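> In order, the protein sequence lines correspond to chains A and B.
Here the first sequence stands for residues 1 to 306, where the numbers follow my numbering.
Here the second sequence stands for residues 1 to 291, where the numbers follow my numbering.
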Amino acid sequence: MTDAIDTLADSQTAAVAPTAAPPVRPFYWSVRRELWEHHSLYIAPLIAGGVVFFGYLIGLTGLPMRARAVTEMNGTVHAAVLDQPYNIAAIAIMVTAFIVAIFYCLGALHNERRDRSILFWKSLPVSDLTTVAAKAAIPLVVLPAIAFAAIFAVQLCMLLLGTGALAAHGMDATALWAKEASPQGWWVLLWGLATLSVWFAPLYAWLILVSGWARKAPFLWAVLAPLGLSLAERITLGTSHLSSLLGSRLTGGFSQAFAQGGDPLNGLPRPDPAAFVSAPAVWIGVIVAAAFLAAAVWLRRRREPV
Amino acid sequence: MACIEARGLRKTFGSTVALAGVDLNVEEGRILGLIGPNGAGKSTALGAILGLIPYHGDLKVLGRDPWTARDTLMRDVCFIADVAVLPRWMRVSQALDYVAGVHPRFDRVKAERFLARTAIKHSSRVRELSKGMVTQLHLALIMAIDAKLLVLDEPTLGLDILYRKQFYDSLLNDYFDSGRTIVVTTHQVEEVQHILTDLAFIDRGRIVLSSTMEDLESRYAELMVGPDRVVEARTLGPIHERQVFGRSILLFDGVGRDRLSPLGEVRTPSIADLFVAVIGDSGPQTTRAAA
Numbered sequence: 001m002t003d004a005i006d007t008l009a010d011s012q013t014a015a016v017a018p019t020a021a022p023p024v025r026p027f028y029w030s031v032r033r034e035l036w037e038h039h040s041l042y043i044a045p046l047i048a049g050g051v052v053f054f055g056y057l058i059g060l061t062g063l064p065m066r067a068r069a070v071t072e073m074n075g076t077v078h079a080a081v082l083d084q085p086y087n088i089a090a091i092a093i094m095v096t097a098f099i100v101a102i103f104y105c106l107g108a109l110h111n112e113r114r115d116r117s118i119l120f121w122k123s124l125p126v127s128d129l130t131t132v133a134a135k136a137a138i139p140l141v142v143l144p145a146i147a148f149a150a151i152f153a154v155q156l157c158m159l160l161l162g163t164g165a166l167a168a169h170g171m172d173a174t175a176l177w178a179k180e181a182s183p184q185g186w187w188v189l190l191w192g193l194a195t196l197s198v199w200f201a202p203l204y205a206w207l208i209l210v211s212g213w214a215r216k217a218p219f220l221w222a223v224l225a226p227l228g229l230s231l232a233e234r235i236t237l238g239t240s241h242l243s244s245l246l247g248s249r250l251t252g253g254f255s256q257a258f259a260q261g262g263d264p265l266n267g268l269p270r271p272d273p274a275a276f277v278s279a280p281a282v283w284i285g286v287i288v289a290a291a292f293l294a295a296a297v298w299l300r301r302r303r304e305p306v
Numbered sequence: 001m002a003c004i005e006a007r008g009l010r011k012t013f014g015s016t017v018a019l020a021g022v023d024l025n026v027e028e029g030r031i032l033g034l035i036g037p038n039g040a041g042k043s044t045a046l047g048a049i050l051g052l053i054p055y056h057g058d059l060k061v062l063g064r065d066p067w068t069a070r071d072t073l074m075r076d077v078c079f080i081a082d083v084a085v086l087p088r089w090m091r092v093s094q095a096l097d098y099v100a101g102v103h104p105r106f107d108r109v110k111a112e113r114f115l116a117r118t119a120i121k122h123s124s125r126v127r128e129l130s131k132g133m134v135t136q137l138h139l140a141l142i143m144a145i146d147a148k149l150l151v152l153d154e155p156t157l158g159l160d161i162l163y164r165k166q167f168y169d170s171l172l173n174d175y176f177d178s179g180r181t182i183v184v185t186t187h188q189v190e191e192v193q194h195i196l197t198d199l200a201f202i203d204r205g206r207i208v209l210s211s212t213m214e215d216l217e218s219r220y221a222e223l224m225v226g227p228d229r230v231v232e233a234r235t236l237g238p239i240h241e242r243q244v245f246g247r248s249i250l251l252f253d254g255v256g257r258d259r260l261s262p263l264g265e266v267r268t269p270s271i272a273d274l275f276v277a278v279i280g281d282s283g284p285q286t287t288r289a290a291a
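1. Taking Cβ positions only, does PHE120(A) come closer than 8 Å to chain B?
2. Would you report the Cα separation of MET158(A) and PRO87(B), rounded to the nearest angstrom?
3. Going along chain B, which residues have a C-beta under 8 Å from SER104(A)?
4. I need the DSSP call for TYR220(B), collapsed to helix, strand or coil.
5. So, using beta-carbon positions, are ARG180(B) and LYS148(B) closer together than 8 Å?
6. With a threshold of 8 Å between beta-carbons, can HIS103(B) be considered close to chain A, or not?
7. Flag SER127(A) as yes if its beta-carbon sits less than 8 Å from any beta-carbon of chain B, otherwise no.
8. Evaluate the contact criterion for the segment 142-151 of chain A versus the segment 42-56 of chain A: three or more CB pairs, one atom per stretch, below 8 Å.
9. Please report the straight-line C-alpha distance between ALA232(A) and LEU203(A), rounded to a whole angstrom.
10. Give the secondary structure of VAL225(B) by DSSP, where H, G and I count as helix, E and B as strand, and everything else as coil.
11. Does any residue of chain A have a CB that is nearer than 8 Å to the CB of TYR98(B)?
12. Using the beta-carbon of each residue, which ones in chain A are nearer than 7 Å to ASP71(B)?
13. Along the chain, where does the beta strand (DSSP E) that runs through HIS138(B) open and close?
14. If I measure Cβ to Cβ from SER93(B) and keep anything under 8 Å in the same chain, skipping five residues before and after, which residues do I get?
15. Per DSSP, what kind of secondary structure is PRO144(A) in: helix, strand or coil?
16. Taking 8 Å as the threshold (C-beta atoms), are ASP203(B) and ALA40(B) in contact?
17. Going by other Cβ atoms of all chains shown within 10 Å of its Cβ, with 16 needed for buried, is ILE287(A) buried or exposed?
18. Measuring CA to CA, which of PRO269(A), LEU190(A) and ALA108(A) is closest to ALA147(A)?
19. Rounded to a whole number of angstroms, what is the C-alpha to C-alpha distance between HIS240(B) and PHE275(B)?
20. With distance defined between alpha-carbon atoms, name the residue in ALA48(B), ARG91(B), GLU154(B) and ARG113(B) nearest to VAL126(B).
21. Which residue comes first and which comes last in the alpha helix (DSSP H) that contains ASP97(B)?
22. Checking contacts by CB at 8 Å: is ASP115(A) closer than that to chain B?
23. Look up THR118(B) in the DSSP assignment and say whether it is helix, strand or coil.
24. To which residues of the same chain is ASP198(B) closer than 6 Å at the C-beta, ignoring the five residues directly before and after it?
25. Could you check whether the segment 149-164 of chain B touches the segment 213-220 of chain B, counting it as contact only if at least three pairs of C-beta atoms, one from each stretch, sit closer than 8 Å?
26. With 16 as the cutoff for other CB atoms within 10 Å, does ASP71(B) come out buried or exposed?
27. In the DSSP assignment, find the unbroken alpha helix (DSSP H) run with SER255(A) in it and report its ends.
28. Closer than 8 Å is the cut-off here; do at least three beta carbon pairs connect the segment 202-219 of chain A with the segment 100-111 of chain A?
29. Considering only residues of the same chain and omitting the five flanking positions on each side of ARG229(B), which have a CB-CB separation below 8 Å?
Take a look at the structure:
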């Protein structure tokens, strides 16, 4: 999408000024400016990783003892004790990135109207489509990439330190490296982040749309509108289709992306691309997200500073 | 080629009529002052010209429809709304990077050269700059863009007199040339009077006066007359009259200076006086009197 939009802009530039037009990359710079404005996008996941890493440092003294216990018992239940900090790091960073994404989306089209800077952005040759696409790319692409890099870095530091701690006690560290640091482990993480991003796309798009629509308190509108509709359905029809739909959207991402049961060899979740790509719920979500974003583009063209 | 062509431009917000059929023609290379009281429709007209709001009627800016082609139009149009629109979190260097990254006609060297003459540091954030410096920064960005039309909506609002003077001096000396067009709205009419080539008064959504400055000078004349000859002067049909230090100042539309000069001192009215005469008396006061 990045290339498509930039190529489109470039070709238009070429048509207007065929000679020596400097290359402009509206989409790229629109994403850059989001990162300038919102430091929390990369600082928050790093802090979360740092906190978990600090906890790991404290717990490092007990590692050789736990490793010895696992070696003696040779059981999967005990192996989980070794994994725990790695999983905690990954989950902490992913949850942080998710929260950051939600708050980012709620301000995406609202802050620029509140501080009137929308008049400056609109005085430049950047289309509303490019702007909304850049803002949507933050939770959909940029934050998952940041989360992956942060998890990768923190887990690698943990592994190196853990290996050192074991070696100091004359122990073999292959048990540590076998699972998390394997290519399969990174693939599971990458697949999980990518599918979660696709699965949550309608949620992010909804928040961006509300942030472009609400004159005040986008958070309240974003939460109370679906809540109110669910309640109204419950009262008038006595059913709860909407609330179960919303609930499955919030919680169902993992079961769409991974096969039931872990890998029999090492207990890692098993990515199931075929099931994910053929799941109607995934595609419905993508279509709904695209519709919400199209509405957000439409709104940004018309909305004035609040 | 006409830079701006508006025919029957209309815009309503609910039951409020902001533009009630504006006809406006601005040729290339002109500096137009769009002057009007609060709520006259100035900002709405500029919003339509800049593609910020939808409208009814015909409007072409540089041959394009601003509403459907805002992003391409903005390659040739620059816009300063007022001092508050630069994002406060942005650093000066980031503003330069961003505009250079998205605008094909931005000359970074030129912007840097302009900034070097100010006290603005590249590492500063907009929120750390004074109001005057923010305007200087915005002007530096705008003047480094090779645009055909520059729209200024109250550009010097809230600035002290030194910054205001410097703002218009820079605009005239470093920016304006025959290939460019400038449209400016301001309440400080006396400051722009000497730089304008064209003048339009807008009131209650309509253009009530549109003229070049040369035509204005030959059409309107102000006569300062003592009490002894004021009755005689009134027979010539002034459109406005006011008293200053016991003498009367009468404003005439289309009365030859040769007929006025025997009665007293004749001069060209200021835009502010003309504004009061044309809008002040035909405007809200009349409505109130009639009601």
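C-beta: ideal position from N, C-alpha, C; glycine also.
Quick caveat: nothing in here was measured; it's all calculated off a predicted structure.
Let me lay it out:
1. In the first sequence, the residue the question calls residue 120(A) occupies position 120. Any Cβ of chain B closer than 8 Å to the Cβ of PHE120(A) would place that residue at the interface, and such an atom is present.
2. The residue labelled residue 158(A) in the question sits at position 158 within the first sequence. The residue labelled residue 87(B) in the question sits at position 87 within the second sequence. Straight-line Cα distance between these residues: approximately 40 Å.
3. Residue numbering aside, residue 104(A) sits at position 104 when the first sequence is read from its first letter. Residue 104(A) is actually Tyr in this sequence, not Ser. Chain B residues near TYR104(A): none, gap ~14 Å exceeds 8 Å.
4. Numbered from 1 along the second sequence, position 220 holds the residue referred to as residue 220(B). The three-state reading of DSSP puts TYR220(B) in strand, counting E and B together.
5. For this step, residue 180(B) is matched to residue 180 along the second sequence. For this step, residue 148(B) is matched to residue 148 along the second sequence. Judged by their CB atoms, ARG180(B) and LYS148(B) are nearer to each other than the 8 Å cut-off.
6. Walking along the second sequence from the start, residue 103(B) turns up at place 103. Yes, HIS103(B) lies at the interface with chain A (some Cβ there is under 8 Å from its Cβ).
7. Here residue 127(A) corresponds to residue number 127 of the first sequence, with the count starting at 1. It does: the Cβ of SER127(A) has a partner Cβ on chain B nearer than 8 Å.
8. Contact annotation: the segment 142-151 of chain A touches the segment 42-56 of chain A, with at least three C-beta pairs closer than 8 Å.
9. In the first sequence, residue 232(A) corresponds to position 232, counting from 1. In the first sequence, residue 203(A) corresponds to position 203, counting from 1. Distance between the alpha carbons of ALA232(A) and LEU203(A): 21 Å.
10. Numbered from its first residue, the second sequence carries residue 225(B) at position 225. Three-state DSSP puts VAL225(B) in a strand.
11. Along the second sequence, read from residue 1 onward, the residue named residue 98(B) stands at position 98. Cβ-Cβ to chain A under 8 Å: yes for TYR98(B).
12. Here residue 71(B) refers to the residue found at position 71 when the second sequence is read from its first residue. Result: PRO125, VAL126 and SER127.
13. Counted from its first residue, the second sequence places residue 138(B) at position 138. Counting along the chain, HIS138(B) falls outside any beta strand (DSSP E), though it belongs to the alpha helix (DSSP H) covering 131-143.
14. To locate residue 93(B), count along the second sequence from 1; it is residue 93. Only residues of its own chain outside the window of five on either side were considered, and among them HIS122 and SER123 have a CB closer than 8 Å to the CB of SER93(B), listed in chain order.
15. By one-based count along the first sequence, residue 144(A) stands at place 144. Looking at PRO144(A) - three-state DSSP - the assignment turns out to be helix.
16. Residue numbering aside, residue 40(B) sits at position 40 when the second sequence is read from its first letter. Residue numbering aside, residue 203(B) sits at position 203 when the second sequence is read from its first letter. Cβ atoms of ALA40(B) and ASP203(B): closer than 8 Å.
17. The residue given as residue 287(A) occupies position 287 in the first sequence. Exposed is the call here.
18. Counted from its first residue, the first sequence places residue 147(A) at position 147. Measuring from the Cα of ALA147(A), the nearest candidate turns out to be LEU190(A).
19. By 1-based counting over the second sequence, the position of residue 240(B) is 240. By 1-based counting over the second sequence, the position of residue 275(B) is 275. Their Cα atoms are separated by approximately 11 Å.
20. Stepping through the second sequence from its first residue, residue 126(B) is reached at position 126. Of the listed residues, the one whose Cα sits closest to VAL126(B) is ARG91(B).
21. Along the second sequence, one-based indexing puts residue 97(B) at 97. Taken as a continuous stretch (DSSP letters only), the alpha helix (DSSP H) holding ASP97(B) covers 92-102.
22. Counting from one through the first sequence, the residue named residue 115(A) turns up at place 115. For ASP115(A), the answer is yes, since a Cβ of chain B falls inside 8 Å of its Cβ.
23. Numbered from its first residue, the second sequence carries residue 118(B) at position 118. It is coil, neither helix nor strand.
24. In the second sequence, the residue the question calls residue 198(B) occupies position 198. Cβ within range, chain order: ARG30, LEU32 and THR212.
25. The segment 213-220 of chain B and the segment 149-164 of chain B do not touch, with fewer than three beta-carbon pairs separated by less than 8 Å.
26. Taking the first residue of the second sequence as 1, we reach residue 71(B) at position 71. Under this definition ASP71(B) is a buried residue.
27. Residue 255(A) sits at position 255 when you count from the first residue of the first sequence. Per DSSP, SER255(A) belongs to the alpha helix (DSSP H) from 253-257.
28. At 8 Å Cβ cutoff, the stretches touch.
29. Taking the first residue of the second sequence as position 1, residue 229(B) is located at position 229. Hits under 8 Å: LEU263 and GLY264.
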